[in-house]
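Here is the structure we will look at, set down as structure tokens.
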Ligand code: BES
Ligand code: MN
Ligand code: ZN
């Protein structure tokens, strides 16, 4: 599918098989709708001949997410109508935002909705392919801006697709070594530097968390470091949890749905995908992307509940549950980030089932030590539709993870699982005054229902949010 931004003064330039028009609840209704006494609520659609009317709700409540979803709806209608091409009338959506922002969101929505992961299907289900997705406007003076916005959306969604592809791969294929290889290749093609530390270097750095988690697996741990080529003293550092498969280890998980734990590297995949976009957009901000990558397996050499490990910053951790492994590898990665003296440090992880239990798949959890950073993340979440919601980090929560024999334990006895995980991480990010943590346990993949912008499987959450966040520092 080719996405094109076209401007023309005439009302109809080229023929498209399905055209979409946005309809605000408190705007002037198109004649055909008032004739037919149809009023569209937000999200409702009405097909009249080859025109798809899409309800956008009240102008005051308009968001770019409504544009993305409208574009996805048009794509679906085009498929159902077996159209060769579809077109979206940008001008009918023009409220609150710039026309270029509308165009960018439409291109993004159309592309995001066009993703499939079918490489292991011998006979992929045939879908009707749309040849062209046109974004049209009568405002000729905006032509350049619209084309630019559509091109940027292509770059961004390529990063999202890269992340989805990495995460959708089965866990026998996407091992720590393979993920590191994928990061290396991506870096080579996208003008990033990439360094991967292997077991020996990880041991030299005394990353006790990474070593403990990986020791039950035949796959050695990998520690990926990506960096864009922007000069500047203090970078923004992004850290992603990369557990290529989480069995729980000796504290083994129940077998129901354990297959979903191939997605436990979605944080790492999001960082890698975001770095690809950051490089391609040439964002003028120094960014370092870090991903500690392990497989969490039980076995004769696996770590045990009761083990005490020492993280890279010297703090000792009592491993009371080997299934709380994400925080162990993040502890080392966050401590490692100290060498960059980050101006902001953000980690992203499928960290706690409790976060999915709290929010379902409607938003990710966010917690942090810096108001400004958390606010930037919230704003980026609103703008991209990758919503986040903050949970408190009151210091009394730390009491729940004080250990009997070590400095800190990796689980709290009960309750507040998402917050106590963040309190744990904070102990290893204390070298900077600006740290935040994103828990994407509920948002990293669609389990049973597709969403308008992502089918079942990895969503690529975090990529677009990180790109917005980086832009906010430029
Ligand atoms: N990767 C899981 C968290 C998870 C579970 C994400 C389900 C998405 C869906 C993580 O490593 C984990 O197992 N966390 C435990 C922590 C507990 C032992 C304190 C959890 O959430 O149960
Ligand atoms: Mn686990
Ligand atoms: Zn995990």
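Numbering (our numbering), first residue to last: 513 to 986.
Ideal Cβ positions, reconstructed from N, Cα and C, are used throughout, including at glycine.
Given the structure is predicted, the values throughout are model-derived calculations rather than measurements.
Beta-carbon proximity of residue i to residue j, cut-off 8 Å
i	j	result
residue 600	residue 517	no
residue 952	residue 974	yes
residue 720	residue 845	no
residue 621	residue 584	yes
residue 954	residue 860	no
residue 775	residue 679	yes
residue 756	residue 691	yes
residue 650	residue 519	yes
residue 615	residue 658	yes
residue 882	residue 957	no
residue 934	residue 879	yes
residue 612	residue 655	no
residue 710	residue 682	no
residue 591	residue 629	no
residue 931	residue 903	yes
residue 837	residue 708	no
residue 784	residue 698	yes
residue 777	residue 805	yes
Residue i versus the options, residue with shortest Cα-Cα distance
i	options	result
residue 818	686, 921 and 744	921
residue 800	854, 629, 760 and 633	854
residue 740	795, 733, 726 and 688	795
residue 488	867, 592, 768 and 734	Since the displayed the chain opens at 513 and closes at 986, residue 488 lies outside it and no answer follows.
residue 985	582, 669 and 892	892
residue 877	560, 864, 947 and 615	864
residue 558	581, 533, 577 and 574	533
residue 808	770, 696, 826 and 789	770
residue 561	552, 595, 630 and 660	595
residue 674	889, 653, 624 and 710	624
residue 787	841, 672 and 753	672
residue 847	613, 629, 936 and 763	936
residue 915	709, 773, 830 and 636	830
residue 556	528, 547 and 586	586
residue 979	791, 959 and 911	791
residue 862	963, 604 and 752	752
residue 597	564, 607 and 513	513
residue 768	549, 544, 554 and 959	959
residue 593	564, 689 and 940	564
Neighbour-count burial assignment, residue i, 16 or more Cβ in a 10 Å radius
i	result
residue 703	exposed
residue 729	buried
residue 949	buried
residue 981	buried
residue 839	buried
residue 523	Residue placement at residue 523 is poorly supported in this model, since its pLDDT is 49, which falls under 50; the coordinates still yield a value, given next. So residue 523 counts as exposed.
residue 917	exposed
residue 632	exposed
residue 874	exposed
residue 744	exposed
residue 938	buried
residue 803	buried
residue 766	exposed
residue 929	buried
residue 969	buried
residue 925	exposed
residue 826	exposed
residue 763	buried
residue 812	exposed
residue 634	exposed
residue 966	buried
residue 551	exposed
residue 962	exposed
residue 547	exposed
residue 693	exposed
residue 911	exposed
residue 685	exposed
residue 888	buried
residue 528	buried
residue 626	buried
Contact belief for residue i with residue j at Cβ below 8 Å, rounded distance in angstroms
i	j	result
residue 706	residue 738	5 Å
residue 828	residue 814	No, residue 828 and residue 814 are not in contact; Cβ-Cβ is about 19 Å, not under 8 Å.
residue 810	residue 759	6 Å
residue 923	residue 832	5 Å
residue 742	residue 797	6 Å
residue 581	residue 964	5 Å
residue 977	residue 856	About 14 Å separates the two Cβ atoms, so there is no contact after all.
residue 736	residue 781	Contact flag wrong, Cβ pair sits at about 11 Å.
residue 850	residue 943	4 Å
residue 588	residue 515	Not a contact, Cβ separation roughly 16 Å.
Contact the segment 538 to 546 vs the segment 559 to 571: 3+ CB pairs below 8 Å: Three or more beta-carbon pairs separated by less than 8 Å link the segment 538 to 546 to the segment 559 to 571, which places the two stretches in contact.
Contact the segment 573 to 584 vs the segment 886 to 900: 3+ CB pairs below 8 Å: Taking 8 Å as the limit for Cβ pairs, the verdict is that the segment 886 to 900 does touch the segment 573 to 584.
Stretch-stretch touch, CB-based, cutoff 8 Å, three pairs: the segment 656 to 675 with the segment 704 to 716: Three or more Cβ pairs closer than 8 Å define a contact, and the segment 656 to 675 falls short of that threshold against the segment 704 to 716.
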